[in-house]
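Data block below; observations after.
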């Protein structure tokens, strides 16, 4: 950890926020600081979100209330439960009950730097689970949410990963991985979003799924695609493989190329 971040987290061997030990930063932006830690009460791992030094603490506290409410409503395994929310010496904090130690932004960098390729099957399983999480957020716990909880923008930082490889999706209620405490986009974060959201339009459930499609498509260079998919993607499908190309083109034709009202 840099000396600045160490100062923000407090002494690593002491008690952070009066209840955590061994804090290690996952992501630090001007608005928020996300860290993995250990609960001193029971020794269980967790992830803790606090406002950064430049953030308005009152606005951050309000954002934490919205995050807790939204995460409680999304009953999907990859969306971590908010297990604590409070204030310590005027510093608001939010605790997520998960064992993540790195976010997708850093994992993306590690994969690029190492030249490793991720398993295609594991990536497909992750895509299915993330799509399920978005649907759960849009529909609400009873399937009749009056206002869908949309992310609007997605980034690699919206994904958290544990050492086991388990992944989590965060950002519902207040999309802290890509937004400042005031709700404006963080210009330092690369995001994926529907065209209308990029132009200032309102987020929507279909727009969220389009953002997820764009994020997942950006991961293709990091996946072990085998022999068939690269051949199809390069425009040279073999016998019986034309249907694969149609499936790959479907999101572009029916999502990206269509106006929001016709998706």
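In our numbering, the protein residues as written are 226 to 488. Beta carbons: idealized from backbone N, C-alpha and C, even for Gly. Here the structure is a predicted model, which means the values were calculated and not measured.
Residue 488 and residue 436: beta carbons closer than 8 Å? no
At a cut of 8 Å, does the region 315 to 324 reach the region 266 to 277 through at least three beta carbon pairs? yes
Opposite residue 327 in the DSSP bridges: which residues? 386
Would you call the region 442 to 460 and the region 343 to 353 touching, i.e. three or more CB-CB distances under 8 Å? yes
Figure out for me which residue from 440, 338 and 477 has the closest Cα to the Cα of residue 383. Taking only the C-alpha atoms, the option nearest residue 383 is 440.
Quick one: what's residue 343 bridged to in DSSP? 448
When the distance is taken between beta carbons, is residue 376 closer than 8 Å to residue 428? yes
Collapsed DSSP secondary structure at residue 478 in the structure displayed: The three-state secondary structure of residue 478, taken from DSSP, is helix.
Cα separation between residue 260 and residue 325? Approximately 9 Å between the Cα atoms of the pair.
Say whether the region 459 to 477 touches the region 383 to 396, bearing in mind that this needs 3 or more beta-carbon pairs closer than 8 Å, one atom from each stretch. Contact check between the region 459 to 477 and the region 383 to 396: fewer than three CB pairs, one atom from each, fall below 8 Å, which does not count as touching.
Would you please state the rounded distance, in angstroms, between the beta carbons of residue 258 and residue 250? I believe it to be under 8 Å. 7 Å
What residues in its chain sit with their C-beta under 6 Å from that of residue 433, if we drop five residues either side in the sequence? 359, 375 and 376
Assuming residue 403 contacts residue 416 under a Cβ cut-off of 8 Å, what Cβ separation, rounded to an integer in Å, is found between them? With a Cβ gap of about 5 Å, residue 403 and residue 416 count as contacting.
In the DSSP assignment, find the unbroken beta strand (DSSP E) run with residue 395 in it and report its ends. No beta strand (DSSP E) contains residue 395, which DSSP labels as neither H nor E.
Beta carbon of residue 262, beta carbon of residue 246: below 8 Å? yes
On the premise that residue 328 lies in contact with residue 187, defined as a C-beta separation below 8 Å, what is that separation, rounded to the nearest angstrom? With the chain covering only 226 through 488, there is no way to say anything about residue 187.
Which parts of the region 240 to 325 are runs of the beta strand (DSSP E), unbroken and 3 residues or longer, counting only runs that do not cross its ends? 245 to 253, 257 to 264, 270 to 276, 307 to 313 and 316 to 321
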